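Numbering (our numbering), first residue to last: 40 to 121.
Every residue, glycine too, gets a C-beta built ideally from N, C-alpha and C.
Note that the structure is a prediction, hence the values are computed from the model and not measured.
Everything below concerns the one structure shown next.
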């Protein structure tokens, strides 16, 4: 989950940031954080949910998950497919 930094000076790529809501802005900043990326990567190798690890990440990064993840598109194969 390494961000592509080649075009970071191209302001047109960030025009959408003028219109985003607070949650989207927070996500854009969080997903670029190397420490968050490291914590997230640790969860990818787990076959079974690790409640203790999830609680640690929630507290450390101020995340909340109010409901169960649901597919947003009909063709999504997995819950977090983009």
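Quick one: what does DSSP say residue i is sitting in, helix, strand or coil?
i           : result
residue 102 : coil
residue 82  : helix
residue 97  : helix
residue 49  : coil
residue 54  : helix
residue 87  : coil
Which one of the options has the shortest CA to CA distance from residue i?
i          : options    : result
residue 98 : 83, 85, 75 : 75
residue 94 : 78, 57, 64 : 78
Is residue i close to chain B, meaning its C-beta is less than 8 Å from at least one C-beta of that chain?
i          : result
residue 56 : The structure shown contains no chain B; it is built from a single protein chain.
For the alpha helix (DSSP H) containing residue i, list its first residue and its last residue.
i          : result
residue 62 : 61 to 69
Could you say if the segment 88 to 103 and the segment 63 to 80 meet the contact criterion of at least three C-beta pairs nearer than 8 Å?
-> The segment 88 to 103 is in contact with the segment 63 to 80.
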